[in-house]
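Asker: Take this structure first; my questions come after.
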Amino acid sequence: MTALFDIDQLLNEMETGLRRVLEQRGVTDPALIGIRTGGVWLADVLGKRLGIEQPFGELDISFYRDDFSRIGLNPKVKPSSLPFDTEGRDILLIDDVIMSGRTIRAAMNEIFDYGRPASITLATLVDLGARELPVQPDVVGQVLELGAHQRVKLRGPEPLRIELQESGQQ
283 MTALFDIDQL LNEMETGLRR VLEQRGVTDP ALIGIRTGGV WLADVLGKRL
333 GIEQPFGELD ISFYRDDFSR IGLNPKVKPS SLPFDTEGRD ILLIDDVIMS
383 GRTIRAAMNE IFDYGRPASI TLATLVDLGA RELPVQPDVV GQVLELGAHQ
433 RVKLRGPEPL RIELQESGQQ
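Note that the sequence shown covers residues 283 to 452 in the working numbering.
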């Protein structure tokens, strides 16, 4: 297991990218939602950096996963919490790692069950680029290519750090 990423630099990239996208789209009052667990940690940090005073939402997409019937329920499932109405809102959806796009699809399905947002802007800390669905982040901290036996894991919440893991490590 190796920690070889400058988390502050990646957060700077995300903050700068989000500010640029929000300005381009004319979004002045976004609602922030993090996908558990790493996305929640990032939403907390990015919300403070962006000066978003409204509490952020937390999604646990376990029930929305397309492999739910095969893998069953994660024993650590907690209910999602959205302390705002999503109907007509501009949403900033935050996750730690995007790979296949399936987690993001599940998150969007859940968000739409709460109401139809005006827009969803997706920001991820790391993009592994191995898409199975046509889902692309609007803002990325870093694009990475990993070997077949490597994984990336965000650890936190204090301090936040990214670890590169070889297969078989937890």
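Built from N, CA and C at the ideal position, the CB exists for glycine as well. Small disclaimer: the values here were computed from a predicted structure and weren't measured.
Between G423 and L341, is the Cβ-Cβ spacing less than 9 Å?
Answerer: Not a contact, by the Cβ cut-off of 9 Å.
Asker: Going by C-alpha to C-alpha distance, which of L404, S449 and P416 sits closest to P312?
Answerer: Selected option, being the one with the closest Cα: L404.
Asker: Below 8 Å, can you find three or more Cβ-Cβ pairs linking the region 313-323 to the region 295-305?
Answerer: No contact exists between the region 313-323 and the region 295-305.
Asker: Just checking my contact of L407 with V425 at CB under 8 Å: how many whole Å lie between their CB atoms?
Answerer: Between V425 and L407 the Cβ distance is about 11 Å, and since that is not below 8 Å, they are no contact.
Asker: Output needed for Q432: all residues of its chain with C-beta closer than 8 Å, excluding positions within five of it in sequence on either side, in chain order.
Answerer: Counting only Cβ-Cβ distances below 8 Å, and skipping sequence neighbours, we find L446, Q447, E448 and S449.
Asker: For E392, count neighbouring Cβ atoms within 10 angstroms of its own Cβ and tell me buried if that reaches 16, exposed if not.
Answerer: By the neighbour-count rule (16 or more Cβ atoms within 10 Å), E392 is buried.
Asker: In the DSSP assignment, what residue or residues form a beta bridge with G438?
Answerer: DSSP output for G438 lists no bridge partner at all.
Asker: Start and end of the alpha helix (DSSP H) containing L332?
Answerer: Where L332 is concerned, the enclosing alpha helix (DSSP H) stretches over G320 to L332.
Asker: Can you name, in chain order, every residue of its own chain whose Cβ lies under 6 Å from the Cβ of T368, other than the five neighbours on each side?
Answerer: Only I393, Y396, G397 and P399 meet the Cβ criterion.
Asker: Could you please give the first and the last residue of the uninterrupted beta strand (DSSP E) stretch that includes T403?
Answerer: Start and end: S401 to D409.
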